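J.: Starting off with a structure, shown below.
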Amino acid sequence: MFVLFCVILHFDYFFRNISQIFIFKMLDKLEAIYARYREIEEQMNNPEVTSDMKRFVKLSKDYKDLQPVVKAYHEYKALLDSIAECKSLLSTEKDEELREMAKEELVAGNERKEKMEEEIRIMLIPSDPQDSKNAVVEIRGGTGGDEACIFAGDLFRMYTRYCEKKHWKVEVTDFNEGTSGGYKDITFTVTGEGVYGLLKYESGVHRVQRVPATETQGRVHTSAAGVVVLPEAEEFDVDLNMSDVRIDTFCASGPGGQCVNTTYSAVRLTHIPTGIVVSMQDQKSQIKNKEKAISILRTRLYEREYNKYMEELSSKRKTMVATGDRSEKIRTYNYPQSRVTDHRIGWSMYNLPAFMDGEIEDCIDALQLAENAEKLKASVG
Numbered sequence: 011m012f013v014l015f016c017v018i019l020h021f022d023y024f025f026r027n028i029s030q031i032f033i034f035k036m037l038d039k040l041e042a043i044y045a046r047y048r049e050i051e052e053q054m055n056n057p058e059v060t061s062d063m064k065r066f067v068k069l070s071k072d073y074k075d076l077q078p079v080v081k082a083y084h085e086y087k088a089l090l091d092s093i094a095e096c097k098s099l100l101s102t103e104k105d106e107e108l109r110e111m112a113k114e115e116l117v118a119g120n121e122r123k124e125k126m127e128e129e130i131r132i133m134l135i136p137s138d139p140q141d142s143k144n145a146v147v148e149i150r151g152g153t154g155g156d157e158a159c160i161f162a163g164d165l166f167r168m169y170t171r172y173c174e175k176k177h178w179k180v181e182v183t184d185f186n187e188g189t190s191g192g193y194k195d196i197t198f199t200v201t202g203e204g205v206y207g208l209l210k211y212e213s214g215v216h217r218v219q220r221v222p223a224t225e226t227q228g229r230v231h232t233s234a235a236g237v238v239v240l241p242e243a244e245e246f247d248v249d250l251n252m253s254d255v256r257i258d259t260f261c262a263s264g265p266g267g268q269c270v271n272t273t274y275s276a277v278r279l280t281h282i283p284t285g286i287v288v289s290m291q292d293q294k295s296q297i298k299n300k301e302k303a304i305s306i307l308r309t310r311l312y313e314r315e316y317n318k319y320m321e322e323l324s325s326k327r328k329t330m331v332a333t334g335d336r337s338e339k340i341r342t343y344n345y346p347q348s349r350v351t352d353h354r355i356g357w358s359m360y361n362l363p364a365f366m367d368g369e370i371e372d373c374i375d376a377l378q379l380a381e382n383a384e385k386l387k388a389s390v391g
């Protein structure tokens with residue numbers, strides 16, 4: 011019995027020490043972040059920095075990203091000071107009423123301290139620097155013929171409804187309609203706060219199981235559509251030399267009236283070093299089409315470097331929660347069972363109509379939680 015008691019005491023002492031070591035490490039990291047925050051603040055007031063727009067924009071973004079952590083750091087330090095004062099008061103004060111008040115404050119302070127440490131732990135998880143960007147989304151009908159195109163259209167509507175709920179702006183940049191409805195492929199940009207950080211989980215193969223509208227015998231078919239989500243490249247992310255770009259203009263095709271079909275408003279850009287071609291014809295103005303084409307070309311060039319980053323990331327991860335592997339089947343939409351299942355984390359929902367109407371937030375939250383848990387485990391390891 012005495013040996014067991016000693017073992018319990020040993021482990022209690024061990025875990026107390028581990029906890030203290032973690033807190034010290036966390037404080038060290040917070041102080042380093044605060045020092046970096048002050049350093050950026052000084053640099054942003056330097057005339058040499060303000061004259062370099064690319065550098066100034068990056069520093070401004072870093073400064074904004076660090077603000078929540080710095081705020082939490084100040085609040086945490088103030089809480090630690092308050093807890094220390096309560097302990098000091100209890101060790102010196104004789105008045106019972108004051109001691110009772112100090113005890114109550116100490117209990118409340120320790121509870122708040124545990125909660126804050128958990129919040130700060132999450133805040134210190136390394137985030138993808140692309141998460142705050144806007145997103146470029148591509149949906150392509152895959153295996154399944156006309157049904158795959160119809161499903162691609164259903165996915166587009168699902169994302170549009172989700173974006174509406176988030177108050178994000180959706181702008182279609184290119185599309186090819188399917189012969190029986192939906193889209194062979196559709197590309198659109200989503201603009202808003204932290205768009206890519208949430209939509210990035212949608213990259214991959216989406217599989218649907220249902221009776222197609224074209225099926226005469228009521229058999230369930232399996233079709234698929236591929237989704238690719240990319241962070242939209244900003245002007246300062248890519249050095250695009252326009253002397254490397256060949257610009258061709260031509261008459262737009264399709265609906266849009268006489269001016270669309272008879273004027274050279276459509277633009278085709280060819281990036282000579284890489285062979286990447288971007289065409290744009292959805293605007294009546296050649297200037298607007300050119301601006302949008304340049305934006306997409308910049309994103310395509312950025313994608314090449316970003317894919318290298320994602321491959322490196324996936325090699326370090328045990329799961330494929332957010333690596334954007336385009337060949338991976340990530341989700342199944344089963345209409346007979348009214349079920350949607352995300353295969354990466356084993357998450358299911360039995361209300362498919364609501365999900366297809368844009369109620370996808372619970373799934374994205376679960377994916378985000380799984381990724382954060384993975385990152386936290388890696389940082390502790």
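11 is the number of the first residue of the sequence shown in the working numbering; add one for each residue after it.
Here a beta-carbon is modelled for each residue, glycine too, at the ideal position from N, C-alpha and C.
On a predicted model such as this, the values are computed, not experimentally measured, just so you know.
Give the DSSP-derived three-state secondary structure of S92 in the structure shown.
T.: Position 82 of the sequence shown, counting from 1, holds the residue named residue 92. Three-state DSSP puts S92 in a helix.
J.: In chain order, which continuous runs of the beta strand (DSSP E) of length 3 or greater are located wholly inside the region 63 to 91?
T.: Counting only runs of 3 or more, we get nothing.
J.: For the alpha helix (DSSP H) holding I132, just list the boundary residues, first then last.
T.: Counting from one through the sequence shown, the residue named residue 132 turns up at place 122. Unbroken alpha helix (DSSP H) run through I132: E106 to M133.
J.: To the nearest angstrom, how far is it from the Cα of K143 to the Cα of E242?
T.: As a first step, residue 143 must be located in the sequence shown, where it is residue number 133. As a first step, residue 242 must be located in the sequence shown, where it is residue number 232. Distance between the alpha carbons of K143 and E242: 6 Å.
J.: May I ask you to list the residues that DSSP assigns as paired with V260?
T.: For the purposes of this step, residue 260 is taken as the residue at position 250 of the sequence shown. Checking the sequence, you will find Phe at residue 260 rather than Val. According to DSSP, which records beta bridges pairwise, F260 is partnered with A276.
J.: Which of the three DSSP states is assigned to I43 in this structure?
T.: Locating residue 43 in the sequence shown gives position 33, where the first residue counts as 1. Looking at I43 - three-state DSSP - the assignment turns out to be helix.
J.: Whole angstroms is fine: what's the gap from V237's alpha carbon to Y83's?
T.: Counting from one through the sequence shown, the residue named residue 237 turns up at place 227. Counting from one through the sequence shown, the residue named residue 83 turns up at place 73. Rounded to the nearest angstrom, the two C-alpha atoms are 39 Å apart.
J.: List the endpoints of the continuous beta strand (DSSP E) containing M168.
T.: In the sequence shown, residue 168 corresponds to position 158, counting from 1. It is not in any beta strand (DSSP E) - M168 instead sits in the alpha helix (DSSP H) that spans D156 to K175.
J.: Just to confirm the assignment, what range does the alpha helix (DSSP H) spanning V350 have?
T.: Here residue 350 corresponds to residue number 340 of the sequence shown, with the count starting at 1. Looking at the DSSP string, V350 is not in any alpha helix (DSSP H); the run it does join, the beta strand (DSSP E), is R349 to D352.
J.: Tell me whether A380 sits in a helix, a strand or coil according to DSSP, three-state version.
T.: Taking the sequence shown and counting its residues from 1, the one referred to as residue 380 is at position 370. In the structure shown, A380 sits in a helix (DSSP, three-state: H, G or I).
J.: By alpha-carbon positions, which one of Y86, K87 and M111 ends up nearest to C96?
T.: On the sequence shown, residue 96 is found 86 positions in, with the first residue counted as 1. Closest option to C96, Cα to Cα, is M111.
J.: For the putative contact between V221 and R229, defined by C-beta atoms under 8 Å, what is the C-beta separation to the nearest angstrom?
T.: As a position in the sequence shown, residue 221 is number 211, starting the count at 1. As a position in the sequence shown, residue 229 is number 219, starting the count at 1. 7 Å between Cβ atoms; contact.
J.: Please check the pair Q140 and Y211, which I expect to be a contact at CB under 8 Å, by giving their CB distance rounded to whole angstroms.
T.: Taking the sequence shown and counting its residues from 1, the one referred to as residue 140 is at position 130. Taking the sequence shown and counting its residues from 1, the one referred to as residue 211 is at position 201. Their Cβ separation, rounded to whole angstroms, is 13 Å, which puts Q140 and Y211 out of contact at 8 Å.
J.: Bridge partners of T342, per DSSP?
T.: The residue given as residue 342 occupies position 332 in the sequence shown. Per DSSP, R217 and T351.
J.: Where F15 and D352 are concerned, what is the direct C-alpha to C-alpha distance, given to the nearest angstrom?
T.: To locate residue 15, count along the sequence shown from 1; it is residue 5. To locate residue 352, count along the sequence shown from 1; it is residue 342. With a pLDDT of only 43 at F15, under the threshold of 50, the placement of this residue in the model should not be trusted; the figure read from the coordinates follows. Spanning the two alpha carbons is a distance of roughly 47 Å.
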